[in-house]
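Engineer:
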Amino acid sequence: MAAAVHAQPGSGARFDWGLAGAAELGRVCAALVVVDVLSFTTAVEVAVGRGIRVHPFPWGEQADDYAVRVGAVAAVGRRQTSPERPWSLSPAALVAAPFVTDLVLPSPNGSAISAAASATGIPVVAACLRNAGAVGRWLRRQGYGSTDAPVGVVASGERWPDGSLRPSVEDQLGAASVLDALSGVPGGLSVEAATALAALASIPDVPAAVRGSVSGRELIEGGFAEDVEIAVEADASDVVPLLRSGVFSAA
482 MAAAVHAQPG
492 SGARFDWGLA
502 GAAELGRVCA
512 ALVVVDVLSF
522 TTAVEVAVGR
532 GIRVHPFPWG
542 EQADDYAVRV
552 GAVAAVGRRQ
562 TSPERPWSLS
572 PAALVAAPFV
582 TDLVLPSPNG
592 SAISAAASAT
602 GIPVVAACLR
612 NAGAVGRWLR
622 RQGYGSTDAP
632 VGVVASGERW
642 PDGSLRPSVE
652 DQLGAASVLD
662 ALSGVPGGLS
672 VEAATALAAL
682 ASIPDVPAAV
692 RGSVSGRELI
702 EGGFAEDVEI
712 AVEADASDVV
722 PLLRSGVFSA
732 A
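Residues in the sequence shown are numbered from 482 upward in steps of one, following our numbering.
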């Protein structure tokens, strides 16, 4: 009985954190939304908006081998880009990089969660601040958000050095933006989803909050301020990246 409660039954839109939260919601929800604002889902939105098919992949050295198997190009770390391999997790790099048909995009959080969620067989959508409204509208048009077809919104979060989950400001705000677009769904919001949404009302300047967050400051101080600026362009995009057969493309 206690395990069933963890899935937030009786609500149309639900919220949780990280890989374990995605696994729990993926077990009972009709659709999942993965949010990793800095930077996986922002990078996916940018790439899919250019017509690139994105293959999520857990962070690790096997990405190159996987890319060869699926006929794709593998992205590299932000600091490992070169003229020969300009594709990385950096949204700014993906804006400028040459077009490729298929891109393997590893990350330790959003990409790993998306790859695992793909095995559930339910629709998985990549959301960020740029497309939160579009994602919410698409889900409602598809009929998600009832108690019979609930949506699970997953904030990816970051990692502490020991590998444990570090909840992050930017992902809570990104998830809250999706939940805001889902307000009024027939099944209502779970307590967890409503609490996540409440954070949005308490932040008068979301872009400033993301810039000032631990993750935002880390990127800015590391020389990737443009990635943060792209990520905070709220509702700048109508692109809805949908994971089909292990690949994100436009819904």
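Every residue gets a Cβ at the ideal spot worked out from N, C-alpha and C, and that includes glycine.
Determine the direct distance from the alpha carbon of Ala597 to that of Gly704, and round the result to whole angstroms.
Structural biologist: If you take the alpha carbons of Gly704 and Ala597, they lie about 31 Å apart.
Engineer: Check whether the Cβ atoms of Val691 and Glu651 sit closer than 9 Å, and answer yes or no.
Structural biologist: Yes. Within cutoff.
Engineer: How big is the Cα-Cα spacing for Arg621 and Ala573?
Structural biologist: Going by the C-alpha atoms only, they are around 30 Å apart.
Engineer: What are the boundary residues of the alpha helix (DSSP H) that Trp619 is part of?
Structural biologist: Run containing Trp619: Ala613 to Arg622, per the alpha helix (DSSP H) assignment.
Engineer: If we count Cβ pairs, one from each stretch, closer than 8 Å, do we get three or more for the segment 554–565 versus the segment 502–512?
Structural biologist: No: fewer than three Cβ pairs fall under 8 Å.
Engineer: Could you check the C-alpha separation between Asn712 and Leu500 for me, to the nearest Å?
Structural biologist: The question names Asn, but residue 712 in the sequence shown is Ala. In a straight line, the C-alpha of Ala712 is about 22 Å away from that of Leu500.
Engineer: Could you compute how far the alpha carbon of Ser726 sits from the alpha carbon of Leu513?
Structural biologist: Distance between the alpha carbons of Ser726 and Leu513 is about 15 Å.
Engineer: Just to confirm the assignment, what range does the alpha helix (DSSP H) spanning Val672 have?
Structural biologist: Unbroken alpha helix (DSSP H) run through Val672: Val672 to Ala682.
Engineer: Buried or exposed: where does Glu673 fall if 16 or more other Cβ atoms within 10 Å of its Cβ makes it buried?
Structural biologist: Label assigned to Glu673: buried.
Engineer: Please report how far the alpha carbon of Asp546 lies from the alpha carbon of Ile701, in whole angstroms.
Structural biologist: Roughly 32 Å separates the two Cα atoms.
Engineer: When burial is assigned at 16 or more other CB atoms within 10 Å of the CB, is Ala524 buried or exposed?
Structural biologist: Counting Cβ neighbours within 10 Å, Ala524 comes out buried, since at least 16 surround it.
Engineer: What does a CB cutoff of less than 7 Å around Gln489 pick up in its chain, not counting 5 residues either side in sequence?
Structural biologist: For Gln489, where only same-chain residues beyond five positions count, the Cβ hits under 7 Å are Arg495, Ser671 and Glu673.
Engineer: Per DSSP, Ala494 forms a beta bridge with which residues?
Structural biologist: Partner(s): Val632 and Leu670.
Engineer: Does DSSP classify Glu651 as helix, strand or coil?
Structural biologist: If DSSP states are grouped into helix, strand and coil, Glu651 belongs with the helices.
Engineer: Measure from the alpha carbon of Thr522 to the alpha carbon of each residue in Ala657, Gly665, Ser588 and Ile684, then state which is nearest.
Structural biologist: Selected option, being the one with the closest Cα: Ser588.
Engineer: Going by alpha carbons, who is nearest to Val687 out of Ala715, Arg698, Ser664 and Gly665?
Structural biologist: Of Ala715, Arg698, Ser664 and Gly665, the residue nearest in Cα terms is Ala715.
Engineer: Got a sec? Which residues, its chain only, sit under 6 Å from Met612 by beta carbon, not counting five neighbours each side?
Structural biologist: First, the residue type needs correcting, since residue 612 is Asn and not Met in the sequence shown. Excluding positions up to five away in sequence, the list reads Glu526, Ser718 and Val720.
Engineer: Beta-carbon within less than 7 Å of Ala677's beta-carbon, same chain only, minus the 5 sequence neighbours each way: which residues are those?
Structural biologist: Counting only Cβ-Cβ distances below 7 Å, and skipping sequence neighbours, we find Phe496, Gln653, Ala656, Ala657 and Leu660.
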